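Participant: The structure is given below, and queries will be raised subsequently.
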Amino acid sequence: ALAYVIKICKKYGVTTSICGQAPSVYPDYLEFLVRMGATSISVNPDAVIEARRMVAMIEQRILMEKATGKYRKRVGKNFMDEVEFWKFVPEDE
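Heads up: the sequence shown begins at 1135 in our numbering, then just goes up one per residue.
Spelled out as structure tokens, the structure:
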């Protein structure tokens, strides 16, 4: 459901702000949000520096993947596969 909301917001130019503890605790969830196109992610104060570093790294990875033709929305075998975040990711139109 979250991936769908982010996709629709992106389609209509609406800012997507995600608030909660999960991006601070689960780096793979943070990557999921960045790859889906979330425009604003709230994290715990003690995790701001690390989260900013990780978002920059994820965005660089996405740019490299797109430049080399190897872009992938899915992250691979990890926490997200276990909770099936990617199961409900809508396909690009």
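Glycine included, C-beta positions come from ideal geometry on N, C-alpha and C.
Computed from a predicted model, the values in this text were never measured in an experiment.
When you compare only the Cα positions, how much space is there between residue 1190 and residue 1136?
Facilitator: Cα to Cα, the separation comes out at about 22 Å.
Participant: How long is the line joining the alpha carbons of residue 1164 and residue 1156, rounded to whole angstroms?
Facilitator: Answer to the nearest angstrom: the Cα atoms are 8 Å apart.
Participant: Using beta-carbon positions only, say whether residue 1192 and residue 1177 come within less than 7 Å of one another.
Facilitator: Not in contact: residue 1192 and residue 1177 (Cβ atoms no closer than 7 Å).
Participant: Just tell me which of 1142, 1159, 1200, 1140 has its CA closest to the CA of residue 1181.
Facilitator: Nearest of 1142, 1159, 1200, 1140 to residue 1181, Cα basis: 1159.
Participant: So, helix, strand or coil for residue 1176, using DSSP?
Facilitator: Coil.
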